[in-house]
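Engineer:
2 protein chains.
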Amino acid sequence: MTGARVLVVEDAEAIRVAVQTALAGAGYAVLDKPDGQTLERDLRVFRPDVVVLDVMLPGRDGFALLEVVRRSSTAGVVMLTARDGVADRLRGLTEGADDYVVKPFVLAELIARVGALLRRLGRAPSTVQVGDAVIDAEAGVVLRGGQPIELTATEFKLLCYLAAQRGRVASKTQILTSVWGYDDYDPNLVEVYVSTLRRKLEARGPRLLHTVRGLGYVLREGDLGPCPQPES
Amino acid sequence: MTGARVLVVEDAEAIRVAVQTALAGAGYAVLDKPDGQTLERDLRVFRPDVVVLDVMLPGRDGFALLEVVRRSSTAGVVMLTARDGVADRLRGLTEGADDYVVKPFVLAELIARVGALLRRLGRAPSTVQVGDAVIDAEAGVVLRGGQPIELTATEFKLLCYLAAQRGRVASKTQILTSVWGYDDYDPNLVEVYVSTLRRKLEARGPRLLHTVRGLGYVLREGDLGPCPQPES
DNA sequence: TGCCATCCTCAGGTGTCTTTCAGCAGCGCC
DNA sequence: GGCGCTGCTGAAAGACACCTGAGGATGGCA
Chain A
1 MTGARVLVVE DAEAIRVAVQ TALAGAGYAV LDKPDGQTLE RDLRVFRPDV
51 VVLDVMLPGR DGFALLEVVR RSSTAGVVML TARDGVADRL RGLTEGADDY
101 VVKPFVLAEL IARVGALLRR LGRAPSTVQV GDAVIDAEAG VVLRGGQPIE
151 LTATEFKLLC YLAAQRGRVA SKTQILTSVW GYDDYDPNLV EVYVSTLRRK
201 LEARGPRLLH TVRGLGYVLR EGDLGPCPQP ES
Chain B
1 MTGARVLVVE DAEAIRVAVQ TALAGAGYAV LDKPDGQTLE RDLRVFRPDV
51 VVLDVMLPGR DGFALLEVVR RSSTAGVVML TARDGVADRL RGLTEGADDY
101 VVKPFVLAEL IARVGALLRR LGRAPSTVQV GDAVIDAEAG VVLRGGQPIE
151 LTATEFKLLC YLAAQRGRVA SKTQILTSVW GYDDYDPNLV EVYVSTLRRK
201 LEARGPRLLH TVRGLGYVLR EGDLGPCPQP ES
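Protein chains in written order, with our numbering: chain A, 1 to 232; chain B, 1 to 232.
1. Note down the Cα distance separating B:G145 from B:K157, rounded to an integer number of angstroms.
2. Compare the C-alpha of B:A112 against each of B:A137, B:V130, B:V134, B:V78 and name the closest.
3. In chain B, which residues lie with their C-beta within 8 Å of the C-beta of A:V169?
4. Short of 8 Å in beta carbon distance, which residues of its chain neighbour A:T94, apart from the five on each side in sequence? Order them along the chain.
5. Indicate whether at least one CB of chain A lies closer than 8 Å to the CB of B:A153.
6. In chain A, what lies closer than 7 Å to B:R47 by C-beta?
7. I'd like the ranges of any alpha helix (DSSP H) spanning at least 4 consecutive residues and lying wholly in the region 177 to 206 of chain B.
8. Measure the Cβ-Cβ separation of B:V50 and B:G76 and say whether it is below 8 Å.
9. Nearest to A:P48 by CA position, among A:A18, A:L117, A:I149, is which residue?
10. Thinking A:V192 and A:V114 are a contact (beta carbons under 8 Å), I'd like their distance in whole angstroms, please.
11. Nearest-angstrom Cα distance between B:T152 and B:V134?
12. Starting from the Cα of B:A22, find the closest Cα among B:L209, B:G131, B:L110 and give me that residue.
13. Could you name the residues of the same chain whose beta carbon sits closer than 6 Å to that of B:P34, not counting the 5 residues immediately before and after it, in chain order?
14. B:L7 by DSSP, collapsed to three states: which one?
15. Using 8 Å as the threshold, is the C-beta distance between B:R220 and B:V130 below it?
16. Which chain B residues sit within Cβ distance under 7 Å of A:Q129?
17. Which residue from A:D132, A:K103, A:D99, A:P104 puts its Cα closest to that of A:L121?
18. Flag B:R204 as yes if its beta-carbon sits less than 8 Å from any beta-carbon of chain A, otherwise no.
19. According to DSSP, is B:Y161 helix, strand or coil?
20. Starting from A:I135, follow the beta strand (DSSP E) in both directions and report where the run begins and ends.
21. Going straight from the alpha carbon of A:Y217 to that of B:A139, what length do you get?
22. Just list the residues that DSSP pairs A:R144 with in beta bridges.
23. Measure the C-alpha to C-alpha separation of B:V8 and B:F105 and round it to an integer number of angstroms.
24. Given a cut-off of 8 Å, decide if B:V52 and B:V102 are closer than it, judged by their beta-carbon atoms.
25. Would you list the residues sitting across from B:Y29 in a DSSP beta bridge?
26. I'd like to know whether the C-beta of A:E221 is nearer than 8 Å to at least one C-beta of chain B.
27. Report the option in A:V212, A:L39, A:D136 whose CA atom is closest to the CA atom of A:R71.
28. Using only the alpha-carbon positions, how far apart do B:R44 and A:D132 sit?
29. Starting from A:L215, find everything on chain B with Cβ-Cβ shorter than 8 Å and list it in chain order.
30. Report the residue from A:Y161, A:L80, A:T154 whose alpha carbon sits nearest the alpha carbon of A:V55.
31. Whose CA, out of B:A29, B:L57, B:V17, B:V68, lies closest to the CA of B:R41?
32. Can you grab the Cα-Cα spacing for the pair B:S178 / B:A137, in whole Å?
33. Could you give the DSSP three-state label for A:G115: helix, strand or coil?
34. For A:P206, which residues from the same chain have a beta carbon less than 8 Å from its beta carbon, with the 5 sequence-adjacent residues on both sides left out?
35. Can you confirm whether A:V212, when its beta carbon is compared against all beta carbons of chain B, has any partner nearer than 8 Å?
36. Give me the DSSP bridge partner(s) of A:T81.
Here it is in structure tokens:
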């Protein structure tokens, strides 16, 4: 998960930028391109671990590009397919995409699938640990102190997002766009879910999900209390 | 990539000190430890961008520590392996180190590899250091002398702005537009926040946030007489 | 169809932060 | 030294951010 490289090829600028931002926020190094013009070069120089490929592209389409990726790299491929492109979807998988996401999609889903693919490729660990809590995004399991914690789907997605950002402050806007796919701003929705998530997490230990007033939320162990000299 | 943080875990003191000195000289903030005793804590508090890890360590060995790094941080890892530890080398890479350096090594090589890894991770450093204060914009944390300082959101934004400008004088107008987004001019608002910020910062050390009468404010170490040539 | 879990909205309560104001201190120019 | 200007800081009220309980809407499942 850490520092893996992801190449995004998508012509629609709004989507490309959103995906780029979301993946970068999840800790990946991202290179984004509007088309496959320089694909060979990008594969050689950037050496992505995963390529996110739109099916419908001007010039060479996604399937042609998939071929290229397969021939000249070992990267995994996630394809973006149109809503009802059933034929596309089948073709994408049979022709060897590793996974696909159907448009319109929530950014959190794409991030999760990229993460899952990296894990399958053996290039990323499958669990994240914060304090005594273990979050396994792939298995859909959360443990605290060795005991499983039951979460609803939304709570789990929220926790996974915060886990991917662990140590970094995530604003409510970022959370809303990444977990819910909303871009209108209703901070209360996030607050409500933070509240229920805390109730479940804190039944087994001290606070891990901290409020940073005016900025957002962070997942981290402890309050950072007195700590050792970081400068040497 | 100056200003990135590097954690070094190496038991041989001669090597550790040499590496520490070389990396510090290359512009990184370095924390060095002889073993992995406090690794979790160091990861959490120091939030390194890269960890340099010796394979052979007393207590938990390098591979066990690598696991810990992967689970509880997003740092990249460079492993130090013995000369002919071919098995080690393979194991290190397959178990997910991002790079390795074979002992004995030239310091320049290690520095080059750390630099390359940072570039691959696309990790823009998120911290700024001024004197003994460390401002981590991403984590929403300010440390002085290793101790965290509690700031409100506005104080924090103001400090981040001044930190980004460190060494340069920022006028009250610039500050108002950049931090508050206001374009009407009420200098007192800035003065009030400078005042509260100073009270909190100076509880732990000498003045860092200086008034330049008639011009604005600067963040820098020391009083610095007439010649403003800060080393950054 | 009816039940249940989950999702989302709403509204009230609480505590903190922001901003303004006003008075005081310090600097520099005459 | 006197005066005006700039900067500092304490106090206060109004605004804002956050938390949480309650309940309606939705969708899956028997």
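Each residue gets a CB set at the ideal place from its N, CA and C atoms; glycine is no exception. Here the structure is a predicted model, which is why all the values come from computation and not from measurement.
Structural biologist: In terms of the structure at hand:
1. Your numbering for residue 145 of chain B matches position 145 in the second sequence. Your numbering for residue 157 of chain B matches position 157 in the second sequence. Each residue's Cα considered, the two are about 20 Å apart.
2. Numbered from its first residue, the second sequence carries residue 112 of chain B at position 112. Checked all of B:A137, B:V130, B:V134, B:V78; the closest Cα to B:A112 is B:V78.
3. For this step, residue 169 of chain A is matched to residue 169 along the first sequence. Chain B residues near A:V169: E138, A139, G140.
4. As a working mapping, residue 94 of chain A is identified with position 94 in the first sequence. Reliability of the predicted coordinates at A:T94 is poor, the pLDDT of 47 falling under 50, and the value obtained from them is presented with this limitation in mind. Excluding residues up to 5 positions away in sequence, nothing lies with its Cβ nearer than 8 Å to the Cβ of A:T94 in the same chain.
5. Residue mapping note: residue 153 of chain B aligns to position 153 of the second sequence, counting from 1. For B:A153, the answer is yes, since a Cβ of chain A falls inside 8 Å of its Cβ.
6. Taking the first residue of the second sequence as 1, we reach residue 47 of chain B at position 47. From the beta-carbon of B:R47, the residues of chain A found nearer than 7 Å are G167.
7. Listed in chain order, the complete alpha helix (DSSP H) runs (minimum 4 residues) inside the region 177 to 206 of chain B are 187 to 201.
8. As a working mapping, residue 50 of chain B is identified with position 50 in the second sequence. As a working mapping, residue 76 of chain B is identified with position 76 in the second sequence. Yes; because the gap between Cβ atoms is below 8 Å, this pair is in contact.
9. Translated into positions along the first sequence, residue 48 of chain A becomes position 48. Considering only A:A18, A:L117, A:I149, the residue with the shortest C-alpha distance to A:P48 is A:L117.
10. As a working note, residue 192 of chain A is residue 192 in the first sequence. As a working note, residue 114 of chain A is residue 114 in the first sequence. Approximately 28 Å separates the beta-carbon atoms of A:V192 and A:V114; this is outside 8 Å, ruling out the contact.
11. Walking along the second sequence from the start, residue 152 of chain B turns up at place 152. Walking along the second sequence from the start, residue 134 of chain B turns up at place 134. Computed Cα separation, rounded: 16 Å.
12. Against the second sequence, residue 22 of chain B aligns to sequence position 22. The residue with the shortest Cα to Cα distance from B:A22 is B:L110.
13. Residue 34 of chain B sits at position 34 when you count from the first residue of the second sequence. Cβ neighbours of B:P34 beyond the five flanking positions: D11.
14. Position 7 of the second sequence, counting from 1, holds the residue named residue 7 of chain B. Looking at B:L7 - three-state DSSP - the assignment turns out to be strand.
15. One-based indexing of the second sequence puts residue 220 of chain B at position 220. One-based indexing of the second sequence puts residue 130 of chain B at position 130. Taking C-beta atoms as the reference points, B:R220 and B:V130 count as a pair closer than 8 Å.
16. One-based indexing of the first sequence puts residue 129 of chain A at position 129. Chain-order list of chain B residues neighbouring A:Q129: R71, S72, by C-beta distance under 7 Å.
17. Along the first sequence, read from residue 1 onward, the residue named residue 121 of chain A stands at position 121. Nearest in C-alpha terms to A:L121, of all of A:D132, A:K103, A:D99, A:P104, is A:D99.
18. Along the second sequence, one-based indexing puts residue 204 of chain B at 204. By this cut-off, B:R204 is not an interface position.
19. To locate residue 161 of chain B, count along the second sequence from 1; it is residue 161. Helix at B:Y161.
20. Working through the first sequence from its first residue, we reach residue 135 of chain A at position 135. That run of the beta strand (DSSP E) goes 133 to 136.
21. As a position in the first sequence, residue 217 of chain A is number 217, starting the count at 1. As a position in the second sequence, residue 139 of chain B is number 139, starting the count at 1. For A:Y217 and B:A139, the gap between their C-alpha atoms comes out near 10 Å.
22. Working through the first sequence from its first residue, we reach residue 144 of chain A at position 144. A:R144 pairs with A:A133, A:Q147.
23. If you number the second sequence from 1, residue 8 of chain B lands on position 8. If you number the second sequence from 1, residue 105 of chain B lands on position 105. Between B:V8 and B:F105, the C-alpha separation is close to 15 Å.
24. Working through the second sequence from its first residue, we reach residue 102 of chain B at position 102. Working through the second sequence from its first residue, we reach residue 52 of chain B at position 52. B:V102 is not a Cβ neighbour of B:V52, given a cutoff of 8 Å.
25. Stepping through the second sequence from its first residue, residue 29 of chain B is reached at position 29. Per the sequence shown, the amino acid found at residue 29 of chain B is Ala instead of Tyr. B:R5.
26. In the first sequence, counting from the first residue as 1, residue 221 of chain A sits at position 221. Under the 8 Å criterion on CB atoms, A:E221 is classed as interfacial with respect to chain B.
27. Sequence index remark: in the first sequence, residue 71 of chain A carries index 71 (1-based). Measuring from the Cα of A:R71, the nearest candidate turns out to be A:L39.
28. The sequence position of residue 44 of chain B within the second sequence is 44, counting from 1. The sequence position of residue 132 of chain A within the first sequence is 132, counting from 1. Cα atoms of B:R44 and A:D132: separation of roughly 13 Å, rounded to the nearest angstrom.
29. Within the first sequence, residue 215 of chain A is the residue found at index 215, counting from 1. Within chain B, G140, A153, F156 have C-beta atoms less than 8 Å from the C-beta of A:L215, given in sequence order.
30. The residue labelled residue 55 of chain A in the question sits at position 55 within the first sequence. Considering only A:Y161, A:L80, A:T154, the residue with the shortest C-alpha distance to A:V55 is A:L80.
31. On the second sequence, residue 41 of chain B is found 41 positions in, with the first residue counted as 1. Measuring C-alpha to C-alpha distances from B:R41 to each of B:A29, B:L57, B:V17, B:V68 identifies B:V68 as the nearest.
32. As a working mapping, residue 178 of chain B is identified with position 178 in the second sequence. As a working mapping, residue 137 of chain B is identified with position 137 in the second sequence. Between the alpha carbons of B:S178 and B:A137 lies a gap of roughly 15 Å.
33. Walking along the first sequence from the start, residue 115 of chain A turns up at place 115. A:G115: helix per DSSP, three-state reduction.
34. Indexing the first sequence from 1 puts residue 206 of chain A at position 206. Cβ neighbours of A:P206 beyond the five flanking positions: G131, G222.
35. As a working mapping, residue 212 of chain A is identified with position 212 in the first sequence. Yes, contact with chain B.
36. Residue numbering aside, residue 81 of chain A sits at position 81 when the first sequence is read from its first letter. Answer by DSSP bridge pairing, in chain order: A:V102.
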